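Working notes for the structure below.
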Amino acid sequence: MEEKKVNYWKWAFFVLVGILFISGCYLATKITSQTKEQTNIAKVSDKNSKQKYTSVDVTLDKKQANATINYYLRKNQKKGKIKYRFLVDKSAIMMGTTKILGKNVSFTLYTKPTLDKNGNILLKVKSVAIGSLNAPAGFILKYVKNNYDLGKVAIIDPKAKTITLDLNQLTKKQDVLVKGTKLDLVNDEFKFNVKVPLK
(Lines of atoms letter the chains of each structure in order from A; the text may use other names.)
(Lines give C-alpha, C1' and ligand atoms only; values in the text may rest on other atoms or scores of the structure.)
Protein backbone atom coordinates (compact mmCIF):
# COMPACT_ATOMS: atom_id res chain seq x y z
CA MET A 43 0.00 0.00 0.00
CA GLU A 44 0.94 3.33 -0.77
CA GLU A 45 1.29 5.86 1.98
CA LYS A 46 -0.77 8.95 1.52
CA LYS A 47 1.31 11.97 1.32
CA VAL A 48 0.25 14.71 3.68
CA ASN A 49 -0.39 17.91 1.84
CA TYR A 50 0.97 20.56 4.19
CA TRP A 51 -0.21 23.38 1.99
CA LYS A 52 -3.77 22.13 2.21
CA TRP A 53 -3.61 22.00 6.02
CA ALA A 54 -1.94 25.40 6.21
CA PHE A 55 -4.72 26.82 4.05
CA PHE A 56 -7.46 25.42 6.34
CA VAL A 57 -5.64 26.64 9.46
CA LEU A 58 -5.29 30.10 7.90
CA VAL A 59 -9.01 30.18 6.95
CA GLY A 60 -9.88 29.12 10.53
CA ILE A 61 -7.69 31.83 12.05
CA LEU A 62 -9.21 34.44 9.74
CA PHE A 63 -12.76 33.26 10.58
CA ILE A 64 -12.14 33.32 14.35
CA SER A 65 -10.42 36.73 14.10
CA GLY A 66 -13.31 38.10 12.03
CA CYS A 67 -15.88 36.87 14.57
CA TYR A 68 -13.85 38.35 17.44
CA LEU A 69 -13.52 41.73 15.70
CA ALA A 70 -17.23 41.79 14.77
CA THR A 71 -18.17 41.11 18.41
CA LYS A 72 -15.85 43.83 19.72
CA ILE A 73 -16.99 46.39 17.15
CA THR A 74 -20.71 45.89 17.78
CA SER A 75 -20.62 45.74 21.58
CA GLN A 76 -20.44 48.81 23.88
CA THR A 77 -18.05 49.40 26.74
CA LYS A 78 -19.38 50.10 30.24
CA GLU A 79 -18.61 53.80 29.81
CA GLN A 80 -20.53 53.94 26.52
CA THR A 81 -23.50 52.18 28.13
CA ASN A 82 -23.47 54.63 31.06
CA ILE A 83 -23.23 57.62 28.72
CA ALA A 84 -26.16 56.30 26.70
CA LYS A 85 -28.25 55.95 29.89
CA VAL A 86 -27.39 59.49 31.02
CA SER A 87 -28.10 60.83 27.53
CA ASP A 88 -31.51 59.12 27.49
CA LYS A 89 -32.27 60.59 30.91
CA ASN A 90 -31.20 64.09 29.77
CA SER A 91 -33.21 63.88 26.55
CA LYS A 92 -36.38 63.71 28.66
CA GLN A 93 -35.50 67.07 30.26
CA LYS A 94 -36.87 70.20 28.61
CA TYR A 95 -34.18 72.62 29.84
CA THR A 96 -30.59 72.72 30.91
CA SER A 97 -29.63 75.15 33.63
CA VAL A 98 -26.69 77.58 33.56
CA ASP A 99 -25.65 80.01 36.32
CA VAL A 100 -24.50 83.37 34.96
CA THR A 101 -22.65 86.10 36.88
CA LEU A 102 -22.52 89.61 35.42
CA ASP A 103 -20.97 92.90 36.42
CA LYS A 104 -22.78 96.26 35.99
CA LYS A 105 -21.53 96.82 32.45
CA GLN A 106 -22.61 93.35 31.32
CA ALA A 107 -25.96 93.63 33.11
CA ASN A 108 -26.67 96.99 31.45
CA ALA A 109 -25.81 95.66 27.99
CA THR A 110 -27.86 92.48 28.40
CA ILE A 111 -31.00 94.11 29.82
CA ASN A 112 -30.94 96.95 27.27
CA TYR A 113 -30.52 94.51 24.39
CA TYR A 114 -33.71 92.71 25.39
CA LEU A 115 -35.55 95.96 26.15
CA ARG A 116 -34.77 97.27 22.64
CA LYS A 117 -36.03 94.05 21.06
CA ASN A 118 -39.28 94.20 23.04
CA GLN A 119 -40.20 97.88 22.61
CA LYS A 120 -39.85 98.39 18.85
CA LYS A 121 -43.50 99.37 18.32
CA GLY A 122 -44.12 101.14 21.62
CA LYS A 123 -44.82 104.87 22.03
CA ILE A 124 -42.42 105.04 24.92
CA LYS A 125 -38.74 104.19 24.59
CA TYR A 126 -36.73 103.43 27.67
CA ARG A 127 -33.41 102.00 28.72
CA PHE A 128 -31.93 100.73 31.93
CA LEU A 129 -28.72 101.72 33.69
CA VAL A 130 -27.23 100.18 36.81
CA ASP A 131 -24.78 102.35 38.70
CA LYS A 132 -25.07 103.33 42.38
CA SER A 133 -28.79 102.75 41.94
CA ALA A 134 -30.87 101.40 39.08
CA ILE A 135 -31.98 104.13 36.72
CA MET A 136 -34.67 103.78 34.09
CA MET A 137 -34.47 106.53 31.47
CA GLY A 138 -36.78 107.11 28.57
CA THR A 139 -38.46 109.46 26.16
CA THR A 140 -42.06 109.89 25.10
CA LYS A 141 -44.12 112.44 23.21
CA ILE A 142 -46.35 114.76 25.21
CA LEU A 143 -48.28 117.38 23.23
CA GLY A 144 -46.09 116.63 20.21
CA LYS A 145 -42.82 117.26 22.04
CA ASN A 146 -40.22 114.70 23.05
CA VAL A 147 -40.04 114.62 26.82
CA SER A 148 -37.37 112.72 28.71
CA PHE A 149 -37.96 111.10 32.07
CA THR A 150 -35.76 109.40 34.62
CA LEU A 151 -36.76 107.02 37.41
CA TYR A 152 -34.29 106.45 40.21
CA THR A 153 -34.92 103.08 41.80
CA LYS A 154 -33.62 100.58 44.30
CA PRO A 155 -33.46 97.14 42.67
CA THR A 156 -34.27 93.90 44.47
CA LEU A 157 -35.50 90.49 43.39
CA ASP A 158 -39.08 89.35 43.84
CA LYS A 159 -40.06 85.79 44.82
CA ASN A 160 -40.02 84.73 41.14
CA GLY A 161 -36.50 86.02 40.52
CA ASN A 162 -37.67 89.05 38.52
CA ILE A 163 -36.11 92.48 39.01
CA LEU A 164 -38.28 94.61 41.31
CA LEU A 165 -37.55 98.33 41.08
CA LYS A 166 -38.72 100.37 44.08
CA VAL A 167 -39.04 103.93 42.75
CA LYS A 168 -37.22 106.49 44.95
CA SER A 169 -37.75 109.55 42.74
CA VAL A 170 -38.93 110.60 39.29
CA ALA A 171 -37.72 113.45 37.13
CA ILE A 172 -39.49 114.72 34.02
CA GLY A 173 -36.92 116.78 32.20
CA SER A 174 -35.34 118.64 35.13
CA LEU A 175 -38.57 118.76 37.16
CA ASN A 176 -39.05 116.40 40.11
CA ALA A 177 -42.47 114.75 40.06
CA PRO A 178 -44.49 112.56 42.45
CA ALA A 179 -43.62 108.93 41.70
CA GLY A 180 -47.09 107.46 42.29
CA PHE A 181 -48.77 109.98 39.98
CA ILE A 182 -46.26 109.48 37.15
CA LEU A 183 -46.37 105.69 37.43
CA LYS A 184 -50.17 105.75 37.30
CA TYR A 185 -50.07 108.05 34.25
CA VAL A 186 -47.60 105.79 32.44
CA LYS A 187 -49.55 102.65 33.32
CA ASN A 188 -52.85 104.12 32.07
CA ASN A 189 -51.54 105.77 28.91
CA TYR A 190 -48.79 103.50 27.57
CA ASP A 191 -48.62 99.84 26.68
CA LEU A 192 -45.34 98.59 28.08
CA GLY A 193 -46.24 95.03 27.25
CA LYS A 194 -45.70 92.26 29.73
CA VAL A 195 -42.05 93.16 30.25
CA ALA A 196 -42.56 96.05 32.69
CA ILE A 197 -45.35 95.68 35.27
CA ILE A 198 -46.17 98.93 37.06
CA ASP A 199 -47.77 99.14 40.52
CA PRO A 200 -48.39 102.88 41.21
CA LYS A 201 -49.59 102.35 44.80
CA ALA A 202 -46.51 100.40 45.82
CA LYS A 203 -44.34 102.65 43.59
CA THR A 204 -42.72 99.63 41.96
CA ILE A 205 -41.88 98.42 38.48
CA THR A 206 -41.28 94.73 37.95
CA LEU A 207 -39.11 93.70 35.01
CA ASP A 208 -40.36 90.22 34.10
CA LEU A 209 -37.18 88.52 32.92
CA ASN A 210 -39.03 85.62 31.32
CA GLN A 211 -41.06 88.02 29.16
CA LEU A 212 -37.81 89.56 27.93
CA THR A 213 -36.58 86.20 26.66
CA LYS A 214 -39.95 84.66 25.75
CA LYS A 215 -39.31 84.48 21.99
CA GLN A 216 -36.19 82.38 22.56
CA ASP A 217 -38.02 80.17 25.09
CA VAL A 218 -35.26 80.89 27.61
CA LEU A 219 -36.20 81.08 31.31
CA VAL A 220 -34.29 83.56 33.48
CA LYS A 221 -34.40 83.91 37.25
CA GLY A 222 -32.36 86.41 39.24
CA THR A 223 -30.61 84.92 42.27
CA LYS A 224 -28.51 87.88 43.50
CA LEU A 225 -28.38 91.65 42.90
CA ASP A 226 -25.48 93.32 44.69
CA LEU A 227 -24.85 96.89 43.48
CA VAL A 228 -22.12 97.57 46.04
CA ASN A 229 -19.96 94.59 45.05
CA ASP A 230 -20.88 94.82 41.34
CA GLU A 231 -22.30 91.30 41.19
CA PHE A 232 -25.47 90.12 39.51
CA LYS A 233 -26.30 86.42 39.41
CA PHE A 234 -28.93 84.76 37.27
CA ASN A 235 -30.04 81.20 36.64
CA VAL A 236 -30.71 80.72 32.94
CA LYS A 237 -32.63 77.71 31.65
CA VAL A 238 -31.97 77.04 27.98
CA PRO A 239 -34.33 74.74 26.03
CA LEU A 240 -32.87 71.44 24.86
CA LYS A 241 -35.28 71.03 21.96
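Going by the numbering used here, the first residue of the sequence shown is number 43, and it counts up by one from there. Even for Gly, the Cβ is constructed at its ideal location relative to N, Cα and C. Since this is a predicted model, take the numbers as computed values, not measurements.
Expected contact under 8 Å - CB spacing of residue i and residue j to nearest Å
{"i": "L225", "j": "T153", "result": "Between T153 and L225 the Cβ distance is about 12 Å, and since that is not below 8 Å, they are no contact."}
{"i": "T204", "j": "L164", "result": "6 Å"}
{"i": "V218", "j": "V186", "result": "That belief does not hold up - the Cβ atoms of V218 and V186 are roughly 27 Å apart, past 8 Å."}
Option nearest residue i by Cα separation, candidates the options
{"i": "A202", "options": "P178, D191 and T213", "result": "P178"}
{"i": "K159", "options": "L209, T110 and E45", "result": "L209"}
{"i": "N189", "options": "V59, Q106, I124 and V48", "result": "I124"}
{"i": "Y114", "options": "N229, Q216, N235 and G222", "result": "Q216"}
{"i": "G161", "options": "T206, M136 and N229", "result": "T206"}
{"i": "L212", "options": "K72, G193, G144 and T223", "result": "G193"}
{"i": "M137", "options": "F234, S169, E79 and L143", "result": "S169"}
Residues of its chain near residue i, where Cβ-Cβ distance is below 8 Å and the 5 sequence neighbours each way are ignored
{"i": "T110", "result": "L102"}
{"i": "D230", "result": "D103 and K104"}
Status (buried if at least 16 other CB within 10 Å, exposed otherwise) for residue i
{"i": "N29", "result": "Since the first and last residues shown for the chain are 43 and 241, residue 29 lies out of range."}
{"i": "N108", "result": "buried"}
{"i": "L240", "result": "exposed"}
Secondary structure of residue i, DSSP reduced to three states
{"i": "V220", "result": "strand"}
{"i": "A54", "result": "helix"}
{"i": "L115", "result": "helix"}
{"i": "V195", "result": "coil"}
{"i": "S169", "result": "strand"}
{"i": "A107", "result": "helix"}
Own chain, CB closer than 6 Å to residue i, minus 5 neighbours either side, in chain order
{"i": "V236", "result": "V98, V100 and V220"}
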